[in-house]
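Numbering (this note's numbering), first residue to last: 8 to 183.
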């Protein structure tokens, strides 16, 4: 349950792929109502998720589990949950790759706040222009227009200072 608490959604095939043999546990948790089963998989019951969110340390095997889950989420076409799992695993390389390769899909699928949080937690060397542009876009969509403007204008200033041509999507994101 501790490992599943940070994943959303939790499709049965994800559990099976990440750790074969745990399908039985998934079935039992769904049967007793700890997992609420939906079309997209399952979610931890809200009261249990709230209790788990108060824990101070992650499970010992959490990072490896979440890393594997991030890869499986990408295979299943769920970049938002993949980003959350990679962040929980503290895998900065995977976070950067997901943001760079799937950032627009992360935002479009309702995970803008997760992208914003992840970019804020990445070490500076892992936050490139693309991540900053997506950070600004995510800030706008999460109701933070001043932050969005600040981030996107700093990208414009950096492009000018470095003599680079600004990426084509920067103008429309800034105009938004």
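C-beta: ideal position from N, C-alpha, C; glycine also.
Check, Outcome
"Distance between beta carbons of residue 90 and residue 105, contact taken as under 8 Å", "5 Å"
"Residues bridged to residue 48 [DSSP beta-bridge criterion]", "45"
"6 Å Cβ shell around residue 23 - same chain, five flanking residues per side excluded", "30"
"Simplified DSSP state of residue 149, which is helix, strand or coil", "coil"
"Sequence-distant residues of its chain with Cβ nearer than 6 Å to residue 73 (five each side left out)", "92, 95 and 96"
"At least three beta-carbon pairs within less than 8 Å, the region 160–173 to the region 133–150", "yes"
"Alpha-carbon to alpha-carbon, residue 154 and residue 125", "15 Å"
"Simplified DSSP assignment, three categories, for residue 113", "helix"
"Assigned exposure category for residue 145 - 16 Cβ within 10 Å defines buried", "buried"
"Close beta carbons around residue 109, own chain, < 7 Å, minus the five adjacent residues each side", "86"
"Through-space distance from residue 130 to residue 45, alpha-carbon basis", "36 Å"
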